[in-house]
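In my numbering, the protein residues as written are 9 to 184.
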């Protein structure tokens, strides 16, 4: 089972009318290396993400941060480098974002390769959910995060409950 993880609006909140809490670098890490907004990311999110991985999810960056996510955000969250989705060039794939879907939707379904997945992003819409349901053979949870707050306890509860419910089904449906 895959967990596709966006950064902006998901781990890194933005757009609120009040100032954001700022976090000190985790032990052994010196300052907000390479990105001035890094201190908005709560390092404790790393522990929560590791818990999702322990429940059976492979964490995958699904962000335009690309390699910078592994160079800057993974150490901040005390995560090992994660695989990352290599986005197609929009000029090569004019159908990305077709019929109101997010431009990430089709590449994520392709990357999943028929495996169950969760996608956590602040830009998911009903059009994305409809398209995935019609074009992806396995189960998928497309979970929209409020960009003003980023991932919250409530979001993690939703994700953990879905994974816990899905895990027995994935084991039962696996080829012998």
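Even glycine gets a Cβ: it sits at the ideal position worked out from N, Cα and C.
In this structure, the CA atom of residue 134 is about 15 Å from the CA atom of residue 144. Taken through DSSP and simplified to helix, strand or coil, residue 93 comes out as coil.
Residues 9, 146, 147, 148, 174, 178 of the same chain have their beta carbon placed closer than 7 Å to that of residue 124, with the five preceding and five following residues left out of the count. DSSP lists 128 as the bridge partner or partners of residue 151. The alpha-carbon of residue 168 is positioned some 7 Å away from that of residue 60. Pairing residue 53 with residue 130, the inter-Cα distance amounts to about 16 Å. DSSP, read as helix, strand or coil, puts residue 76 in helix.
Annotation: residue 83 to residue 29 spans about 19 Å, alpha carbon to alpha carbon.
One alpha carbon belongs to residue 27, the other to residue 17, and they sit about 15 Å apart. In the three-state reduction of the DSSP assignment, residue 68 falls in the strand class. Less than 9 Å separates the beta-carbon of residue 57 from that of residue 13.
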